[in-house]
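> Sharing a structure here in structure tokens format.
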Amino acid sequence: MENEQKKFYVTTPIFYVNDKPHIGSAYPAIAADVLARLHRQLGEEVFFQTGTDEHGAKIEAAAKKAGKAPKEFADTVAAQFSLAFDQLGIAPDKFIRTTDPEHEAAVEIFLHQLKASGKIYEGEYEGLYCVGHEAYIKESELVNGLCPDHKTKPEKLKEKNWFFKLSDYQKQLVELIDSDQLEIRPFSRKNEVLSFIKQGLEDIAISRPNVKWGIPIPWDKNQTVYVWVEALFNYCSGVGFGSDPENFAKFWPADLHIVGKDIIKFHCIIWPALLLAIGLDTPKRVFAHGFFTINGEKMSKSLDNAIDPNDWVAKYGSEAVRYFMLREIPFGADGDVSEEKLKARFNGDLANGLGNLFSRTTNMIEKYLDGHIEEFVASPKDLSAASDAFYNSDFAGGLIRIWEEIAWANQLIDKAKPWELVKEHPDKVKELLLNLAALLYDIALKLAPVLPETAQKIKAVLESGDIKKPEPLFQKIE
25 MENEQKKFYV TTPIFYVNDK PHIGSAYPAI AADVLARLHR QLGEEVFFQT GTDEHGAKIE
85 AAAKKAGKAP KEFADTVAAQ FSLAFDQLGI APDKFIRTTD PEHEAAVEIF LHQLKASGKI
145 YEGEYEGLYC VGHEAYIKES ELVNGLCPDH KTKPEKLKEK NWFFKLSDYQ KQLVELIDSD
205 QLEIRPFSRK NEVLSFIKQG LEDIAISRPN VKWGIPIPWD KNQTVYVWVE ALFNYCSGVG
265 FGSDPENFAK FWPADLHIVG KDIIKFHCII WPALLLAIGL DTPKRVFAHG FFTINGEKMS
325 KSLDNAIDPN DWVAKYGSEA VRYFMLREIP FGADGDVSEE KLKARFNGDL ANGLGNLFSR
385 TTNMIEKYLD GHIEEFVASP KDLSAASDAF YNSDFAGGLI RIWEEIAWAN QLIDKAKPWE
445 LVKEHPDKVK ELLLNLAALL YDIALKLAPV LPETAQKIKA VLESGDIKKP EPLFQKIE
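First residue of the sequence shown? That's 25 in the numbering used here, and the numbers climb one at a time after it.
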């Protein structure tokens, strides 16, 4: 009996449509796309999902400000996200929208199951609410009376809600996370989540009475589902919960949720507890990426310094932006990005590094071998060093290893001096160039998840067996 094909289900957070996409929203989507491509390269059946989060008070307010109905407003911004991702070569299997009828129907089923579990009850919430986060916030979390992230004063609320008995899951969550059954990385985030849980979990409200733009609670039409609870369920609805049981059974539980470090508590405490309540497996792994500044300053609307990824793509190409975002900052850490740094990586790593090796090798094959490399065997070598790093979300580490090979190959050419060697030992030059062609092919295979177009160009030239002055991979930008 044949082994069942291994599967891999990876997600990004779904992005809030209160504003157009920026480089920060592209960051986790690029990472997820790279992992999806890597796992396909390894022969696995992959499902990669991203999308948009479209309900809640913040969307309602943004739509009103724009003079549009909430759905019309969401349609416009969701299309901008889809286009921006397409421009970056990000190719999800599913771009989910929380206004999709299938998602709304799945959430209704989920709510009925949650009610049947006996883990929800009606109660009254009195406390603080941050509209920026669309989340309840404790007095102890404020800095000088303000939300530390949005620098705004939270609203005081007193309202009737439906509550979820999150407190019932404290012990079970600690066991899941401690044992790595629910793996949280980097380790610093795992410790942060465990510390938070051990301080004691309180029950949470899962509905709002005064937010009209949302999915109604099926048994209480005066309430809509709290946007965070509903949004989390996209990870299930997108792979067929309530609509395609076969696909859902195949891909659930998710192998990896990529999230920002600011939403890790939602994904590692509330989300697994909700899943446990309705009898579903928890995700296998949650990886929290860091934040980055722009030229040393926090990206914010007030500073108007958010970078539109389309601007960078227009100037440097999608491959350069993909490379830069994953190479510049170790995934999981905080860092800084700027166009100046992107240009330096473009010229130094892509044009002078990889591009130079490709041009030198192919030009010499044309010059000294008449462009013919019939003996060249296009067989993949060991992919493990870089692929293992990518597999574990160490994108910068994997790229560093590949560029060490590129540097070594360029140095080999400098030392061997084939332009002199060919005068007396043409056979040695032929051997050198065939080895360089094999190395370039190997590098292309390793780079394919990160730079799919560039990798394909390299492979196509080498596989043609007849090389005639190929176009440069990257033209240096002055």
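Idealized CB from N, CA, C, for every residue including glycine.
Could you check if Gln435 is buried or exposed, using at least 16 other CB atoms within 10 Å of its CB as the buried criterion?
Indexing the sequence shown from 1 puts residue 435 at position 411. Burial call: exposed.
> Considering just the uninterrupted stretch of the beta strand (DSSP E) at Tyr145, what are its terminal residues?
Here the question's residue 145 lines up with position 121 in the sequence shown. That run of the beta strand (DSSP E) goes Ile144 to Cys154.
> Which residues in the same chain have their Cβ closer than 8 Å to the Cβ of Asn376, if we skip the five residues on either side of it in sequence?
Here residue 376 is taken as the residue at index 352 of the sequence shown, counted from 1. Counting only Cβ-Cβ distances below 8 Å, and skipping sequence neighbours, we find Lys500.
> Counting contacts by CB-CB distance shorter than 8 Å, is Lys441 in contact with chain D?
Checking the listed chains, one finds no chain D in this structure; it contains a single protein chain.
> Short check: CB of Ile221 to CB of Ser231, under 8 Å?
To locate residue 221, count along the sequence shown from 1; it is residue 197. To locate residue 231, count along the sequence shown from 1; it is residue 207. For Ile221 and Ser231, no; Cβs fall outside 8 Å.
> For the beta strand (DSSP E) containing Lys184, name the first residue and the last one.
Mapped onto the sequence shown, residue 184 falls at position 160. Lys184 -> beta strand (DSSP E) spans Glu179 to Phe188.
> Would a C-beta distance cut-off of 8 Å place Gly489 and Glu398 closer than the cut-off?
As a first step, residue 489 is located in the sequence shown; it is residue number 465 there, counting from the start. As a first step, residue 398 is located in the sequence shown; it is residue number 374 there, counting from the start. Yes, they are a contact pair.
> Helix, strand or coil: how does DSSP classify His313 here?
Within the sequence shown, residue 313 is the residue found at index 289, counting from 1. If DSSP states are grouped into helix, strand and coil, His313 belongs with the strands.
> Which residues does DSSP pair with Glu78 in a beta bridge?
For the purposes of this step, residue 78 is taken as the residue at position 54 of the sequence shown. Beta-bridge pairing links Glu78 to no other residue.
> Looking only at its chain, what residues have a beta carbon closer than 6 Å to the beta carbon of Pro94, apart from the 5 residues adjacent to it on each side?
Translated into the one-based positions of the sequence shown, residue 94 becomes position 70. Hits under 6 Å: Ile83, Glu84, Ala87 and Trp237.
> Kindly list the residues whose CB is nearer than 6 Å to the CB of Glu179, restricted to its own chain and excluding five residues on each side of it in sequence; keep chain order.
What you label residue 179 is simply residue 155 of the sequence shown in a count that begins at 1. The answer, listed in chain order, is Tyr153.
> Measure the Cβ-Cβ separation of Val58 and Val361 and say whether it is below 8 Å.
As a position in the sequence shown, residue 58 is number 34, starting the count at 1. As a position in the sequence shown, residue 361 is number 337, starting the count at 1. For Val58 and Val361, no; Cβs fall outside 8 Å.
> Looking at Ala468 and Ile482, is the spacing between their C-beta atoms short of 8 Å?
Looking up residue 482 in the sequence shown gives position 458. Looking up residue 468 in the sequence shown gives position 444. Contact: yes.
> Assign Gln223 to buried or exposed, taking buried as 16 or more other Cβ atoms, counted over all protein chains shown, within 10 Å of its Cβ.
Locating residue 223 in the sequence shown gives position 199, counting from the first residue. Classification for Gln223: exposed.
> Looking at Gly284 and Pro37, is the spacing between their C-beta atoms short of 8 Å?
Stepping through the sequence shown from its first residue, residue 37 is reached at position 13. Stepping through the sequence shown from its first residue, residue 284 is reached at position 260. Against a cut-off of 8 Å, the Cβ pair of Gly284 and Pro37 comes out as a contact.
> By how many angstroms is the C-alpha of Ala344 removed from the C-alpha of Leu366?
Numbered from 1 along the sequence shown, position 342 holds the residue referred to as residue 366. Numbered from 1 along the sequence shown, position 320 holds the residue referred to as residue 344. About 8 Å.
> Would the beta-carbon of Ala50 fall within 8 Å of that of Ala108?
The residue you call residue 50 lines up with position 26 of the sequence shown. The residue you call residue 108 lines up with position 84 of the sequence shown. It is a contact, given that the beta carbons lie within the stated cut-off.
> Work out the CA separation of Glu487 and Leu445 for me, nearest whole Å.
As a working mapping, residue 445 is identified with position 421 in the sequence shown. As a working mapping, residue 487 is identified with position 463 in the sequence shown. Distance between the alpha carbons of Leu445 and Glu487: 26 Å.
> Measuring CA to CA, which of Lys184, Gly266 and Leu300 is closest to Ala130?
Residue 130 sits at position 106 when you count from the first residue of the sequence shown. The residue with the shortest Cα to Cα distance from Ala130 is Gly266.
> Below 8 Å between beta carbons: does that hold for Ile208 and Cys292?
The count along the sequence shown starts at 1 and reaches residue 208 at position 184. The count along the sequence shown starts at 1 and reaches residue 292 at position 268. Yes; because the gap between Cβ atoms is below 8 Å, this pair is in contact.
> Please look up how many angstroms separate the CB atoms of Gly395 and Ala357, rounded, as I've assumed it's under 8 Å.
Position 371 of the sequence shown, counted from the first residue, corresponds to residue 395. Position 333 of the sequence shown, counted from the first residue, corresponds to residue 357. The pair is not a contact, with the Cβ atoms about 45 Å apart (cut-off 8 Å).
> From this set, Asn387, Asn459 and Ala297, which residue's C-alpha is nearest Lys493's C-alpha?
In the sequence shown, the residue the question calls residue 493 occupies position 469. Of Asn387, Asn459 and Ala297, the residue nearest in Cα terms is Asn387.
> Report yes or no: do the stretch 164 to 184 and the stretch 272 to 280 share at least 3 C-beta pairs separated by less than 8 Å?
No, the stretch 164 to 184 is not in contact with the stretch 272 to 280.
> Near Glu97, which residues of its chain fall below 6 Å by C-beta distance, leaving aside the five closest residues on each side in sequence?
To locate residue 97, count along the sequence shown from 1; it is residue 73. It is Phe, not Glu, that sits at residue 97 in the sequence shown. So the list reads Ala87 and Ala90, once near-sequence residues are dropped.
> How big is the Cα-Cα spacing for Phe188 and Trp427?
As a working note, residue 188 is residue 164 in the sequence shown. As a working note, residue 427 is residue 403 in the sequence shown. Going by the C-alpha atoms only, they are around 50 Å apart.
> If you reduce the DSSP assignment to three classes, tell me which class Asp475 lands in.
For this step, residue 475 is matched to residue 451 along the sequence shown. Per the sequence shown, residue 475 should be read as Leu rather than Asp. Coil, per DSSP.
> Under a three-way DSSP split, which group does Ile294 fall into?
As a working note, residue 294 is residue 270 in the sequence shown. Note: Ile294 maps to helix in three-state DSSP.
> Rounded to a whole number of angstroms, what is the C-alpha to C-alpha distance between Met25 and Lys308?
Counting from 1 along the sequence shown, the entry for residue 25 is found at position 1. Counting from 1 along the sequence shown, the entry for residue 308 is found at position 284. Low confidence applies to Met25: its pLDDT is 35, below 50, so where it sits in the model is not reliable enough to give any reading.
> Which residues in the same chain have their Cβ closer than 7 Å to the Cβ of Pro296, if we skip the five residues on either side of it in sequence?
Here residue 296 is taken as the residue at index 272 of the sequence shown, counted from 1. Closer than 7 Å at the Cβ level, and outside the excluded window around Pro296, lie Leu197, Leu200, Leu206 and Thr306.
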